[in-house]
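Read in order, the letters of the sequence shown correspond to residues 15 to 166 in this note's numbering. Beta carbons: idealized from backbone N, C-alpha and C, even for Gly.
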Amino acid sequence: MNFDDLSSEELDQHVMERLVFAEEELSPILKGHLFIEKVLETLISRNLVEPKAFFRSTRSYDLKVDLAFAMGLLNNKYYSAFKAINKVRNNYAHKHDYKVTLEELNAFKFDWVEVQNKAFAVACEKSIGEGASIATMFLCWKAIHLLDKQED
């Protein structure tokens with residue numbers, strides 16, 4: 015969408031559609047992204063001698079995922095899924111007409127049991143927003159398990 019080619023009325027309609035009647039899938043993705051980022055910060059902090067020295071400066075989500083992976087705190091499955099939700103979040107942040115796809119949500123999935131796959135399928139039949147909510151929730155649950163493993 016090129017804003018130069020749109021009238022004020024068309025831009026007003028665009029604002030209403032994108033901001034007032036916001037996509038239902040955006041909220042769970044953003045909240046899940048923030049939750050996973052806090053899990054990553056906790057994991058990294060638990061494994062640094064001076065975590066305050068590292069977190070004194072603002073660190074990107076992407077750097078935190080890479081660092082946790084490099085420290086052996088994430089396996090390839092977690093790494094890929096955490097990168098996938100970051101890609102979706104960044105697409106929403108930088109592409110005004112972006113809509114998440116089922117293929118992108120499938121990248122959040124790993125080691126799901128049958129009931130999770132069924133719940134996701136049912137949710138996706140309702141809407142992409144429902145699918146985003148379920149996929150993000152299950153990914154956050156996986157992130158929680160990382161903290162449990164650290165406590166053992």
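Asked                                                                                                                                                 : Found
For the 8 Å Cβ check, are there 3 or more pairs between the region 133-153 and the region 38-46?                                                      : yes
Do you know offhand how far Thr-56's Cα is from Asp-19's?                                                                                             : 47 Å
Going by CA-CA distance only, name the one from Gln-27, Glu-38, Asp-111 and Lys-91 that's closest to Lys-140.                                         : Glu-38
Helix, strand or coil, according to DSSP, for Thr-170 in the structure here?                                                                          : Nothing can be reported for residue 170, as the shown portion of the chain is limited to 15 through 166.
Would DSSP call Gly-145 helix, strand or coil?                                                                                                        : helix
Within its chain, find whatever has a CB closer than 8 Å to the CB of Glu-51; leave out the 5 residues flanking it on each side and keep chain order. : Tyr-75 and Lys-78
Taking Phe-124 as the reference, give the member of Asn-104, Val-53 and Leu-153 with the closest Cα.                                                  : Leu-153
Let me know if Lys-156 comes out buried or exposed under the rule of 16 or more other beta-carbons within 10 Å of its beta-carbon.                    : buried
Please report the distance separating the alpha-carbon of His-159 from that of Val-63.                                                                : 23 Å
Report yes if the C-beta distance between Ala-82 and Ile-58 is below 8 Å; otherwise report no.                                                        : yes
Return the CA-CA distance between Glu-117 and Tyr-106, expressed in angstroms with no decimal places.                                                 : 16 Å
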